[in-house]
Amino acid sequence: MNDPLKLLPVDVTKIRAQDVVVVAAVLVALFLFRAPNVWELKPSWQLDDILHSDHHTTRNKLPLPIISDLDSDGINELIIVTDDSRLKVMMLPPQEEHDLSSTLPHLHMKAEVVLETTSNSSKPGFPVALGTGCEGKSISLLNVCRQVIVVVTDDGEVHCYTDQLELMWRTRVFTDHETSGSLNFKEIAVLVTPQSGLVLIGGMTAKEEQMQHNLKHDHQHNFSASFSAEEIAKQPPRRSRNTKKATEEKEHFSTYALNAKTGRTHWKHEPGDYEAKKMDREDILSAYHFKLALHSSQYHAGEIHWSQYTESLISSLPYRWQHPADTSLQTAHFVKRQPSTLATQGKELKTGPVVESKAMKPNAVVIKRQKAIEVLNMESGQPLCSYALPMRTTSVGDLNGDNVIDHVTTYFASERIDQSGMINPCSGVAVSGSKSLFSRSICRTPSTFGSFFGSFSEEDLREENVLVSPLLVPSPPYQRGIFSHLSGEAFKRDSIRSLDSIFVISSGRLTSLGPFGELNWQVDTVTSWTNYNPPNDKSADAVLVPNIQAVSTAVGAQKDAVLVTGLRDFALVSLKDGSLMASHSIPCEPVSPVVHGDFTNDGLMDFIVCCKTSFIGFSLDSRPGYWWTVVWIACGLGAIGMAVIILRFIEEVIV
Numbered sequence: 001m002n003d004p005l006k007l008l009p010v011d012v013t014k015i016r017a018q019d020v021v022v023v024a025a026v027l028v029a030l031f032l033f034r035a036p037n038v039w040e041l042k043p044s045w046q047l048d049d050i051l052h053s054d055h056h057t058t059r060n061k062l063p064l065p066i067i068s069d070l071d072s073d074g075i076n077e078l079i080i081v082t083d084d085s086r087l088k089v090m091m092l093p094p095q096e097e098h099d100l101s102s103t104l105p106h107l108h109m110k111a112e113v114v115l116e117t118t119s120n121s122s123k124p125g126f127p128v129a130l131g132t133g134c135e136g137k138s139i140s141l142l143n144v145c146r147q148v149i150v151v152v153t154d155d156g157e158v159h160c161y162t163d164q165l166e167l168m169w170r171t172r173v174f175t176d177h178e179t180s181g182s183l184n185f186k187e188i189a190v191l192v193t194p195q196s197g198l199v200l201i202g203g204m205t206a207k208e209e210q211m212q213h214n215l216k217h218d219h220q221h222n223f224s225a226s227f228s229a230e231e232i233a234k235q236p237p238r239r240s241r242n243t244k245k246a247t248e249e250k251e252h253f254s255t256y257a258l259n260a261k262t263g264r265t266h267w268k269h270e271p272g273d274y275e276a277k278k279m280d281r282e283d284i285l286s287a288y289h290f291k292l293a294l295h296s297s298q299y300h301a302g303e304i305h306w307s308q309y310t311e312s313l314i315s316s317l318p319y320r321w322q323h324p325a326d327t328s329l330q331t332a333h334f335v336k337r338q339p340s341t342l343a344t345q346g347k348e349l350k351t352g353p354v355v356e357s358k359a360m361k362p363n364a365v366v367i368k369r370q371k372a373i374e375v376l377n378m379e380s381g382q383p384l385c386s387y388a389l390p391m392r393t394t395s396v397g398d399l400n401g402d403n404v405i406d407h408v409t410t411y412f413a414s415e416r417i418d419q420s421g422m423i424n425p426c427s428g429v430a431v432s433g434s435k436s437l438f439s440r441s442i443c444r445t446p447s448t449f450g451s452f453f454g455s456f457s458e459e460d461l462r463e464e465n466v467l468v469s470p471l472l473v474p475s476p477p478y479q480r481g482i483f484s485h486l487s488g489e490a491f492k493r494d495s496i497r498s499l500d501s502i503f504v505i506s507s508g509r510l511t512s513l514g515p516f517g518e519l520n521w522q523v524d525t526v527t528s529w530t531n532y533n534p535p536n537d538k539s540a541d542a543v544l545v546p547n548i549q550a551v552s553t554a555v556g557a558q559k560d561a562v563l564v565t566g567l568r569d570f571a572l573v574s575l576k577d578g579s580l581m582a583s584h585s586i587p588c589e590p591v592s593p594v595v596h597g598d599f600t601n602d603g604l605m606d607f608i609v610c611c612k613t614s615f616i617g618f619s620l621d622s623r624p625g626y627w628w629t630v631v632w633i634a635c636g637l638g639a640i641g642m643a644v645i646i647l648r649f650i651e652e653v654i655v
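This is how it looks when you write it as structure tokens:
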């Protein structure tokens with residue numbers, strides 16, 4: 001029989017093991033050190049007509065623009081509102097109509113409408129909130145969703161438009177505030193829920209005279225649990241407390257649920273609604289009614305402690321608040337914690353909470369605002385529970401999957417106060433219940449043995465002019481070094497549903513720590529704001545908002561990058577290894593978080609930087625690193641050739 005190997009153009013019998021090893025080693029090296037994709041941020045467009053006057057009678061800020069496909073035609077639109085009460089739907093022209101490499105395209109105006117008002121005022125209200133979403137579930141096999149646009153103005157009016165900007169309905173909310181003028185909103189958010197066909201609106205006003213007279217109650221504790229009955233009796237009457245404390249106590253986040261098709265009020269939660277029955281002062285002094293009095297002063301009627309909803313609450317985390325634009329409404333499925341045996345509890349501690357909100361029908365509204373997380377019943381608006389936040393720059397989540405809510409924050413000081421060495425200045429700190437998870441420097445470059453030995457340096461003594469809340473993101477899957485495997489960190493992280501903590505300081509240094517405080521990576525970026533001097537008046541129109549945001553580079557993909565915004569630059573950093581993917585300068589100080597979406601319709605995420613008087617769009621481009629790959633292949637082929645020649649020469653000399 002003929003040998004099939006003889007049919008090959010090369011004599012296989014003459015190929016030696018050394019040749020195979022050399023070729024395999026070069027191919028492996030080419031794969032491991034192949035050139036990554038090249039990312040680039042390009043200025044795409046600029047809108048300068050969003051602010052027409054530098055002197056406004058309101059302190060409210062315009063809502064951030066929205067990037068969304070309103071009519072399900074596969075092309076995303078840009079929805080904005082301007083200070084002259086105009087709602088605009090815009091889009092980029094088709095690719096063939098302009099050359100992005102030579103000129104910046106002009107945004108095409110698809111539709112525009114002026115927000116009318118039903119009040120006696122001669123001018124329409126100032127837009128303070130903007131939201132889009134499907135008005136109901138799609139019953140079509142093509143999953144076509146025609147979205148509605150909801151705009152809230154500072155006079156409390158809600159305007160609902162179709163995707164063609166035809167007015168569907170108009171109504172008024174925040175009617176508990178008796179005022180003929182505009183309201184000053186500290187926080188406000190809009191959510192359109194297709195599952196229930198509701199438009200959810202939640203907000204908090206900041207008008208002193210209205211807080212003093214109109215609001216009825218709050219979510220704060222009126223008495224400390226450590227007070228005795230006699231100490232409570234000695235407390236001064238509520239009306240005699242100082243103004244600042246009374247104002248804080250009377251803050252209330254009002255929420256409204258409106259029918260998405262008609263605008264009819266489905267339910268509302270205003271100050272005074274679901275207020276628990278108050279007890280007489282004589283009953284408070286009674287030892288029997290002491291705990292009941294404490295309970296009634298803390299909760300609304302029907303509200304219970306958040307620990308009864310621990311698993312559901314953790315599934316709606318992480319929580320992070322840096323700017324009023326971070327105030328949000330979301331829907332989730334909440335169930336009370338079921339009594340379990342010790343064995344079941346041990347199993348839960350290992351596996352972490354089960355996320356039910358994605359698989360089960362939402363029955364609750366989760367409000368994430370500056371000072372608390374509140375949960376309301378979606379059908380009635382009745383409060384279910386609330387979780388108060390102790391500090392402004394504290395992020396909340398379950399870092400290590402043990403079913404315990406962890407608090408992550410930063411600590412800065414110009415001098416070392418804690419002489420015990422437990423917490424050094426310029427540290428990222430994580431606390432779980434009453435114990436500390438980790439405390440690690442986020443200012444110094446890590447040393448070789450930084451994971452095993454703590455230290456203190458003068459470099460840690462610094463004050464930050466603007467604090468940035470830590471960012472909590474799911475730990476990305478990546479290869480870990482030999483030290484991680486030897487120390488057992490890799491095994492611990494693979495066995496839990498963990499979160500990484502990302503910190504940024506004013507020099508632009510970005511640090512990623514694992515759920516147990518281990519260092520993932522640290523990188524210096526150009527996004528510095530060290531030279532920024534904050535204004536004395538915090539309510540000024542232009543206040544720098546340095547920020548870190550988790551984003552996905554591809555639309556619909558998992559979040560794989562961190563967007564860092566500084567004084568005059570912003571950068572995109574890989575969540576996997578901390579490598580700098582792209583960066584670009586910006587001609588203004590960003591005054592709000594960066595908006596991200598695909599306005600170029602190329603499948604990659606784009607970004608909108610919000611300045612005081614304009615919006616600037618940046619497109620994200622990606623291309624394979626062809627030239628570097630070609631260089632590596634050429635070098636690899638050259639190395640193979642040289643190795644083969646050297647081996648041949650050695651063999652001939654030896655023989």
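Here the sequence shown is numbered in full-length UniProt numbering, starting from 1 and rising by one per residue.
For each residue, glycine too, the CB sits at the ideal point set by N, CA and C.
For E311, the enclosing alpha helix (DSSP H) begins and ends at 310-315. With fewer than 16 other Cβ atoms from the protein chains shown falling within 10 Å of its own Cβ, L167 counts as exposed. Going by C-alpha positions, A643 is about 12 Å away from C635.
Burial check for A557: the Cβ neighbour count within 10 Å stays below 16, so the residue is exposed. Non-local beta-carbon contacts of V23 in its own chain, meaning distances under 7 Å to residues more than five positions away in sequence, involve I640 in chain order.
Restricting attention to S574, I442, V562, the CA atom closest to the CA of L519 is found in I442. Within the same chain, Cβ atoms closer than 8 Å to the Cβ of D598 are found at I67, N76, V555, L604, M605, D606, the five residues on either side in sequence being excluded. T553 and R320 have their alpha carbons spaced roughly 21 Å apart. CA-to-CA, the gap between H333 and D69 works out to about 27 Å.
Setting aside the 5 residues that flank it on each side, V523 is surrounded in the same chain by L510, V573, G578, L580, each with a C-beta closer than 7 Å to its C-beta; the list follows chain order. Exclusion of the five residues before and after R86 leaves E112, V113, V114, L115 as the residues of its chain whose Cβ lies within less than 8 Å of its Cβ.
Put simply, the backbone Cα of P383 is about 17 Å away from that of E311.
The distance from the Cβ of K559 to that of V473 is about 6 Å, consistent with a contact at the 8 Å cut-off. Secondary structure note for V609: its beta strand (DSSP E) is the uninterrupted segment 606-610. 8 Å or more divides the Cβ of W521 from the Cβ of L567. Within its own chain, the residues whose Cβ lies closer than 7 Å to the Cβ of W169, once the five positions on either side in sequence are excluded, are C160, T262, G263, listed in chain order. Beta bridge pairing from DSSP links A550 with V562. Under the DSSP assignment, M168 falls in the beta strand (DSSP E) whose first and last residues are 167-172. Rounded to the nearest whole angstrom, the C-alpha separation of K137 and T331 is 15 Å. Here DSSP, grouped into helix, strand and coil, assigns W306 to helix. Going by DSSP, G597 is part of the beta strand (DSSP E) stretching over 595-597. Between H305 and Y274, the beta carbon gap of about 16 Å keeps them out of contact (Cβ cut-off 8 Å). Taking C-beta atoms under 8 Å as the contact rule, L41 and S583 qualify, at a distance of about 7 Å.
Leaving aside the five residues that flank S316 on each side, the residues in its chain whose CB is nearer than 6 Å to its CB run, in chain order, A332, V366.
In the structure shown, the three-state DSSP call for F649 is helix. As the crow flies, the alpha-carbon of N403 is around 37 Å from that of V609.
For L499, the enclosing beta strand (DSSP E) begins and ends at 499-504. Non-local C-beta neighbours of K186 in its own chain, meaning closer than 6 Å and more than five positions away in sequence, comprise M204, A206, ordered along the chain. When the beta-carbon positions are compared, V150 and V81 stay at least 8 Å from each other. The bridge partners DSSP lists for V158 are V152, T171. Taking the Cα positions, T600 is about 23 Å away from T162. Annotation for A372: H219, S386, Y387, A388, L389 place their beta carbon closer than 7 Å to its own, counting only its chain and skipping 5 residues before and after. In this structure, V152 is the residue among V152, L165, A189 with its C-alpha nearest to the C-alpha of T171.
Between P318 and L499, the beta carbon gap of about 6 Å places them in contact (Cβ cut-off 8 Å). Contact check for V466 and L544: beta-carbon distance about 6 Å, within the 8 Å limit, so the pair qualifies. Sequence-distant Cβ neighbours of D19 in its own chain, meaning closer than 7 Å and more than five residues away, are V644.
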